[in-house]
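Heads up: the sequence lines are chains Y and V, in that order. When we follow the numbering used here, the leftmost residue of the first sequence carries the number 4, and every step to the right adds one. When we follow the numbering used here, the leftmost residue of the second sequence carries the number 17, and every step to the right adds one. All residues carry an ideal CB built from backbone N, CA and C; glycine is no exception. Take a look at the structure below.
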Amino acid sequence: MTMEDKNNKPGNADEKLDALFKAASDEIWNPMDGFDARVLARIEDEQESRYSFGTLAWKILPFAAAASILIAIAAFGGESLNSIINSEITDPLAIESMVTLIM
Amino acid sequence: MTDLPDINIIIKRIVKGDTDAFGMIVREYTAMVAAMVGRYARNDADREDLSQEVFIRAYRALVKFRGVGSFEGWLRKIAVYTCLDWLRKKKHSETVSMYELEREKGECIEIKEIGAVESNLEAKLNSAEALEILQKAMESLSPEEHLVIVLKELEGRSIHDVSQLTGWSESNIKVRAHRARERLKTILINMGVLK
Numbered sequence: 004m005t006m007e008d009k010n011n012k013p014g015n016a017d018e019k020l021d022a023l024f025k026a027a028s029d030e031i032w033n034p035m036d037g038f039d040a041r042v043l044a045r046i047e048d049e050q051e052s053r054y055s056f057g058t059l060a061w062k063i064l065p066f067a068a069a070a071s072i073l074i075a076i077a078a079f080g081g082e083s084l085n086s087i088i089n090s091e092i093t094d095p096l097a098i099e100s101m102v103t104l105i106m
Numbered sequence: 017m018t019d020l021p022d023i024n025i026i027i028k029r030i031v032k033g034d035t036d037a038f039g040m041i042v043r044e045y046t047a048m049v050a051a052m053v054g055r056y057a058r059n060d061a062d063r064e065d066l067s068q069e070v071f072i073r074a075y076r077a078l079v080k081f082r083g084v085g086s087f088e089g090w091l092r093k094i095a096v097y098t099c100l101d102w103l104r105k106k107k108h109s110e111t112v113s114m115y116e117l118e119r120e121k122g123e124c125i126e127i128k129e130i131g132a133v134e135s136n137l138e139a140k141l142n143s144a145e146a147l148e149i150l151q152k153a154m155e156s157l158s159p160e161e162h163l164v165i166v167l168k169e170l171e172g173r174s175i176h177d178v179s180q181l182t183g184w185s186e187s188n189i190k191v192r193a194h195r196a197r198e199r200l201k202t203i204l205i206n207m208g209v210l211k
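Structure representation (structure tokens):
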């Protein structure tokens, strides 16, 4: 008898498989005591880490904004100074007004 | 499922930030969730993680619960999807080291012996042993086949129920269930559990 014949033989493999399912379905797992507390602790941890990330972001934000402004001023100022140096503007008043603008 | 105040009131409290109110839900549905996930994971640590994950996903999704249908049904669906994701992740990350391979061989021999003894003597199987044997065999199935076998054969759900829980069509489930059962039979015969 081949393996397939054995599988298809009624009352053999199928019945035993059903018996196995039935026996296995009686097995019920339950977590250890304090499961609810462990779930709530995980939720609180998650909320805390989300909160601390938010707080950190708010704390960093003003510094990041200030740094961006300084970088922009430095880039713009540097370029303007170069243009003054390389330009043929000789009028002291025009140079002074440009420097004031940069400052 | 008793003594739980109106679920919609509890949900409103949770959404407003009352985490303790969620504790009531966890206590009420722990047994239901544990019974479900206990059939997928093989050890207590995985079962604990999986059960926690179900409740954490439910907590995150609570704002989306519109009260259409029962809360229990909604939670069951979350549990089913969490288990399916876990099975997929487990299958995907299965990199068997030499040590594990040896251990698996050992388990296979052990299961073979149990199966041979049980099937020869026609003795009634211990439920924990039966589940252990089935879980070992189901590891060779696809996550979707594994899920269908658990829902249909171990939980005794109808095709219609399985369809409601998974969102798959009934014909799809029939095909999967038949295929999974045949594959499982062959695996168990090869393991020496069935003749």
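Q. Do you know how far the Cα of Y:A68 is from the Cα of V:R173?
A. 59 angstroms
Q. Can you find a CB in chain V that lies within less than 8 angstroms of the CB of Y:R53?
A. no
Q) Using 8 angstroms as the threshold, is the segment 195 to 211 of chain V in touch with the segment 90 to 97 of chain V, meaning 3 or more CB pairs across them? A) no
Q.
Can you tell me where the alpha helix (DSSP H) holding V:R195 begins and where it ends?
A. 186 to 206
Q. Would DSSP call Y:W32 helix, strand or coil?
A. coil
Q.
Please confirm whether V:K106 has its beta-carbon closer than 8 angstroms to some beta-carbon of chain Y.
A. no
Q. Could you give the distance in angstroms between the alpha-carbon of V:L204 and the alpha-carbon of V:Y56?
A. 17 angstroms
Q: Rounded to whole angstroms, what's the CA-CA distance from V:L163 to Y:D17? Just pull it up for me.
A: 19 angstroms
Q. So, are the CB atoms of V:V79 and V:V31 less than 8 angstroms apart?
A. yes
Q) Is it true that the segment 186 to 204 of chain V meets the segment 140 to 148 of chain V, where meeting means three or more beta-carbon pairs spaced less than 8 angstroms apart? A) no
**Q.** chain V contact for Y:D39 (CB, 8 angstroms cutoff)
**A.** yes
Q: Assign V:S135 to one of two classes, buried (16 or more other C-beta atoms within 10 Å of its C-beta) or exposed (fewer than that).
A: Confidence is the limiting factor: at V:S135 the pLDDT is only 49, short of 50, which leaves the residue's position unreliable and the question unanswerable from this model.
Q. Can the beta-carbon of V:T46 be found closer than 8 angstroms to that of Y:F38?
A. yes
Q: Express the C-alpha separation of Y:I74 and V:D65 in angstroms, rounding to a whole number.
A: 48 angstroms
Q) Is it buried or exposed for Y:A27, if we count other Cβ within 10 angstroms and need 16 for buried? A) buried
Q | Alpha carbon of V:H176 to alpha carbon of Y:P65, nearest angstrom | A | 57 angstroms
(Q) So, with DSSP's three-state summary, where would you put V:R173? (A) coil
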